[in-house]
Amino acid sequence: MRSLSVRGFVYENSGKSHYGHSVSRRGFLAATSVIFGAAVLGRGTPARALPTKQLADGDRVPALVIGSGYGGAVAALRLAQAGVDVAVVEMGMSWTAPGSDGKIFCGMLKPDGRSFWLRNRTDQPISNFAGGDYNKDIQKYTGVLDSEKFSGIRVYQGRGVGGGSLVNGGMAVTPKQEYFAGILPSVDAGEMYSTYYPRANAALGVNNLDQSWFETAECYNYARVGRKHAERSGFAWTFVPNVYDFGYMKLEQANQATRSALASEVIYGNNYGKNSVDKTYLADAAATGKVGITPMHQVTAVSPTEGGYKVEMKQLDTSGATVATKAVVAQRVFFAAGSVGTSKLLVSMKAQGKLPDLPDTVGSNWGNNGNVMVARANHMWDDTGSLQSCIPCLGIDNWADTAGPVFAEVSPIPAGLETFISLYLAITKNPNRGKFTFNSGTGGVDLNWQTGWAQPSIDAAKRVFDKINKKEGTIYRTDLFGLYKTWGDDFTYHPLGGCVLNQSTDNYGRLTSYPGLYVIDGSLIPGSTTVNPFVTITALAERNIEHIVATDLR
Ligand code: FAE
3 MRSLSVRGFV YENSGKSHYG HSVSRRGFLA ATSVIFGAAV LGRGTPARAL
53 PTKQLADGDR VPALVIGSGY GGAVAALRLA QAGVDVAVVE MGMSWTAPGS
103 DGKIFCGMLK PDGRSFWLRN RTDQPISNFA GGDYNKDIQK YTGVLDSEKF
153 SGIRVYQGRG VGGGSLVNGG MAVTPKQEYF AGILPSVDAG EMYSTYYPRA
203 NAALGVNNLD QSWFETAECY NYARVGRKHA ERSGFAWTFV PNVYDFGYMK
253 LEQANQATRS ALASEVIYGN NYGKNSVDKT YLADAAATGK VGITPMHQVT
303 AVSPTEGGYK VEMKQLDTSG ATVATKAVVA QRVFFAAGSV GTSKLLVSMK
353 AQGKLPDLPD TVGSNWGNNG NVMVARANHM WDDTGSLQSC IPCLGIDNWA
403 DTAGPVFAEV SPIPAGLETF ISLYLAITKN PNRGKFTFNS GTGGVDLNWQ
453 TGWAQPSIDA AKRVFDKINK KEGTIYRTDL FGLYKTWGDD FTYHPLGGCV
503 LNQSTDNYGR LTSYPGLYVI DGSLIPGSTT VNPFVTITAL AERNIEHIVA
553 TDLR
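In my numbering, each residue carries its 1-based index in the sequence shown increased by 2.
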């Protein structure tokens, strides 16, 4: 058994792992203590303002991190703890100031400009309802959720200090060890499961739901219906840990705390309850006094220069207009702009001759984690509830079905009224992989994904949901992802790959043709994690940065 101190708590792990997570009782208590500390802070008060330290044109910094999601937050904290001054550059806002309604984030039922990144109209995953377009006009603003459109697929991503952790469902899933070993065979899986997954889970503040509370909680009626239907068709299911504070959710359900998960808040941000990385890793990084965060700055170029790398960026205002351009010099640069952001930067730097020696594999091996969404229409006696927690808490685990592995989270439809709908986000084993290429005509980067490539995912999901429909005498809803469209097959929440570990980088994320350049985000993972990805992204970042600090910085 190994132990380590995380945020002042001793964390131990049992070395055992299973679907869900692997914490010993002591480790769990440590993790939940972290949670409750953070939750008390979050209750009724805006998030802590992280220190923003705007980079100035001509600055020189020892380390610069592009992006402030999971990979970026891990890099910032561990570099700072190793004594390195770190500049984090984030294109989105620092989400700490409340709007005119007193809230930092808007809810899903009344989206405004805060919801989407620079759009005049929302682009919701559930785009339609009962024959009507469910999207709404909004003010163009640097909102927290981006729906980035490529041919054949829209990729949802978080924008802001905290990256995807601001908008995601918080599902903190550790894949089975043998599945992980199949995805990244060059990584010592034993070490990942004994050291880095536990470290990530503890630092992220992962906690478990009280199962006896779950059995009667009004807000999880929809999950109990999803579980019942899975069980009746013979499918395994599992509870899923989360970074949302389930203790806080209990108070919401009991009307003793301001509602967030129970107030239709999630994909446009949670005002309370969720331990996004701005409240965990980044808060700890800031507390070292060695990390400055520069929000609303988008990195546009990286190229070698005397003393390191020139990093060019544009400063944005909330309309998306460029208000300044800056260039700084960094001794080391960590690409943590997410699978799409990092891939786009590297592919265009190679094509434009700024980093010509990057390997040809850069931009390739991109996947959507096999994402496909689907909904079923239940009978009137299977009401799913008008009050639904936006934080999913269980999944149907049919991954062992080699003819079509599926891990399907039972998702909420937080419409505020009874819909009798069971909604699922299925993660499947889809072998198709896309490639990012530079488009010299537009100056942008394209992705060659085709919507038809989702077919293996649909086929796998049908093996589960056709069976459930047959058993229950129910049908698919065809009105949520378009008109007469059953499958949400043209978008993903889980972009992965584009700069794969031990292929485009060395086995620790170094871009070896350019000493001092590193990749440390979801682009390292080749298209699939078999479950929701952020715990794996975080654990891999922990592994890589530990090695880099020990070998490159000492
Ligand atoms: P990410 O968190 O995306 O951070 C990248 C950051 O870089 C962002 O803040 C960008 O704004 C910023 N950036 C990009 N380009 C630039 C640039 N040029 N200059 C400066 N900054 C830049 O990357 N995963 C789970 O495991 N469980 C869930 O329940 C879950 N639910 C999700 C729900 C939604 C709606 C979405 C969108 C995602 C969900 N995910 C979930 C996926 C998860 O959030 C995602 O895998 C991670 O956030 C990816 O982490 P990275 O560090 O790779």
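Ideal placement from N, C-alpha and C gives every residue a C-beta, glycine not left out.
Predicted model only: the values in this text are computed from it and were never measured.
For Ile429: DSSP bridge partner residues: Against the sequence shown, residue 429 aligns to sequence position 427. In the DSSP output, where bridge partners are listed per residue, Ile429 has Phe409.
Cβ contact (3+ pairs, closer than 8 Å) linking the region 373 to 389 and the region 469 to 483: yes
Thinking just about the alpha-carbon of each residue, which of Val88, Gly154 and Arg334 is nearest to the one in Leu309? The residue given as residue 309 occupies position 307 in the sequence shown. Sequence inspection shows Gly at residue 309; the Leu mentioned does not correspond to that position. Comparing Cα positions, the closest option is Arg334.
Starting from the C-beta of Ser188, find all residues in its chain whose C-beta is less than 6 Å away, skip the five residues before and the five after it, and write them out in chain order. Taking the sequence shown and counting its residues from 1, the one referred to as residue 188 is at position 186. Counting only Cβ-Cβ distances below 6 Å, and skipping sequence neighbours, we find Asn504 and Asn509.
Any contact between the region 392 to 409 and the region 437 to 449? By contact I mean 3 or more CB pairs, one from each, below 8 Å. no
For Tyr198, the first and last residue of its enclosing alpha helix (DSSP H): Walking along the sequence shown from the start, residue 198 turns up at place 196. No alpha helix (DSSP H) holds Tyr198; DSSP gives it neither H nor E.
Could you tell me the distance, in whole angstroms, from the CA atom of Tyr426 to the CA atom of Leu206? Counting from 1 along the sequence shown, the entry for residue 426 is found at position 424. Counting from 1 along the sequence shown, the entry for residue 206 is found at position 204. So the alpha carbons of these two residues sit roughly 25 Å apart.
What does a CB cutoff of less than 6 Å around Lys346 pick up in its chain, not counting 5 residues either side in sequence? Locating residue 346 in the sequence shown gives position 344, where the first residue counts as 1. Once the five neighbours on either side are set aside, the close Cβ partners of Lys346 are Val447.
As assigned by DSSP and simplified to three states, the class of Val157: Residue numbering aside, residue 157 sits at position 155 when the sequence shown is read from its first letter. DSSP places Val157 in strand when its eight states are reduced to three.
Measuring alpha carbon to alpha carbon, tell me which residue in Ser321, Leu449, Arg435 and Gln390 is nearest Glu420. The residue labelled residue 420 in the question sits at position 418 within the sequence shown. Answer by Cα proximity: Gln390.
Would you kindly report the start and end of the unbroken beta strand (DSSP E) that includes Lys312? For this step, residue 312 is matched to residue 310 along the sequence shown. Run containing Lys312: Gly310 to Leu318, per the beta strand (DSSP E) assignment.
Nearest to Pro394 by alpha carbon, out of Ala428, Trp119, Leu52 and Thr363? Translated into positions along the sequence shown, residue 394 becomes position 392. Measuring from the Cα of Pro394, the nearest candidate turns out to be Ala428.
So, helix, strand or coil for Thr553, using DSSP? The count along the sequence shown starts at 1 and reaches residue 553 at position 551. In the structure shown, Thr553 sits in a helix (DSSP, three-state: H, G or I).
CB contact flag (Met560, Val364, <8 Å): Absent from the model: residue 560. The displayed extent of the chain is 3 to 556, so no value can be given.
Measure the beta-carbon distance from Thr176 to Val412 and round it to whole angstroms, keeping in mind my assumption that it falls under 8 Å. Taking the first residue of the sequence shown as 1, we reach residue 176 at position 174. Taking the first residue of the sequence shown as 1, we reach residue 412 at position 410. Not confirmed; about 19 Å, so no contact.
Give the single residue among Ser70, Thr476, Val63 and Ala65 whose Cα lies nearest to the Cα of Thr344. By one-based count along the sequence shown, residue 344 stands at place 342. Closest option to Thr344, Cα to Cα, is Ser70.
Could you tell me whether any non-hydrogen atom of the ligand FAE is closer than 7 Å to the CB of Asp523? For the purposes of this step, residue 523 is identified with residue 521 of the sequence shown, where counting begins at 1. Checking every heavy atom of the ligand FAE against the Cβ of Asp523, one is found closer than 7 Å.
Give every residue of the same chain whose Cβ lies closer than 6 Å to the Cβ of Gly322, excluding the five residues on either side of it in the sequence, and list them in chain order. On the sequence shown, position 320 is the one that residue 322 refers to. So the qualifying residues of the chain are Leu120.
Got a sec: does the ligand FAE put a non-hydrogen atom nearer than 7 Å to the Cβ of Leu206? The sequence position of residue 206 within the sequence shown is 204, counting from 1. Not under cutoff, so the answer is no.
Within the continuous beta strand (DSSP E) that includes Gln300, where are the two ends? Here residue 300 is taken as the residue at index 298 of the sequence shown, counted from 1. Unbroken beta strand (DSSP E) run through Gln300: His299 to Thr307.
Report buried or exposed for Asn371, applying the criterion of at least 16 other Cβ atoms within 10 angstroms of its Cβ. Position 369 of the sequence shown holds residue 371. With 16 or more other Cβ atoms within 10 Å, it is buried.
Verify the contact flag: Leu482, CB atom, against every heavy atom of the ligand FAE, threshold strictly below 7 Å. Within the sequence shown, the letter at position 480 stands for residue 482. Answer for Leu482: no, Cβ out of range of the ligand FAE.
Distance cut-off 7 Å: Pro535 Cβ against heavy atoms of the ligand FAE: Looking up residue 535 in the sequence shown gives position 533. The answer is yes for Pro535.
Count the other CB atoms, across all protein chains shown, that sit within 10 Å of the CB of Pro243; report buried if there are 16 or more and exposed otherwise. Counted from its first residue, the sequence shown places residue 243 at position 241. Per the 10 Å Cβ criterion, buried.
Using 8 Å as the cut-off, can you tell me whether the region 510 to 519 makes contact with the region 159 to 170, which would need three or more C-beta pairs spanning the two stretches below that distance? no
Alpha carbon to alpha carbon, how far is Thr144 from Gly443? For this step, residue 144 is matched to residue 142 along the sequence shown. For this step, residue 443 is matched to residue 441 along the sequence shown. Whole-angstrom Cα-Cα distance: 26 Å.
Whole-angstrom distance between Ser305 and Lys356, CA atom to CA atom: Here residue 356 corresponds to residue number 354 of the sequence shown, with the count starting at 1. Here residue 305 corresponds to residue number 303 of the sequence shown, with the count starting at 1. Between Lys356 and Ser305, the C-alpha separation is close to 5 Å.
Which residues does DSSP pair with Ile527 in a beta bridge? Translated into positions along the sequence shown, residue 527 becomes position 525. Paired residues: none, contrary to the question.
Go through its chain and collect everything with a Cβ distance to Ile140's Cβ below 8 Å, but skip five positions before and after it. Residue mapping note: residue 140 aligns to position 138 of the sequence shown, counting from 1. Around Ile140: Pro113, Asp114, Gly115, Ser117, Phe118, Arg121, Asn122, Arg123 and Thr124.
Tell me whether Asp125 sits in a helix, a strand or coil according to DSSP, three-state version. Numbered from 1 along the sequence shown, position 123 holds the residue referred to as residue 125. DSSP places Asp125 in coil when its eight states are reduced to three.
Specify the secondary structure class of Ala84 as computed by DSSP and reduced to three states. The count along the sequence shown starts at 1 and reaches residue 84 at position 82. Three-state DSSP puts Ala84 in coil, outside helix and strand.
8 Å Cβ cutoff met for Gly387 and Tyr224: Residue mapping note: residue 387 aligns to position 385 of the sequence shown, counting from 1. Residue mapping note: residue 224 aligns to position 222 of the sequence shown, counting from 1. Cβ atoms of Gly387 and Tyr224: closer than 8 Å.
My guess is that Val279 and Ser96 are in contact by the Cβ rule of under 8 Å, so how many angstroms apart are they, rounded? On the sequence shown, residue 279 is found 277 positions in, with the first residue counted as 1. On the sequence shown, residue 96 is found 94 positions in, with the first residue counted as 1. About 13 Å separates the two Cβ atoms, so there is no contact after all.
Pull up the DSSP beta-bridge partners for Arg261, would you. Taking the first residue of the sequence shown as 1, we reach residue 261 at position 259. According to DSSP, Arg261 bridges with nothing at all.
Are the CB atoms of Val293 and Val63 within a distance shorter than 8 Å? The residue given as residue 63 occupies position 61 in the sequence shown. The residue given as residue 293 occupies position 291 in the sequence shown. No.
Taking 7 Å as the cut-off, does the CB of Ala339 come closer than this to any heavy atom belonging to the ligand NAP? The ligand NAP is not part of the structure shown, which contains the ligand FAE as its ligands.
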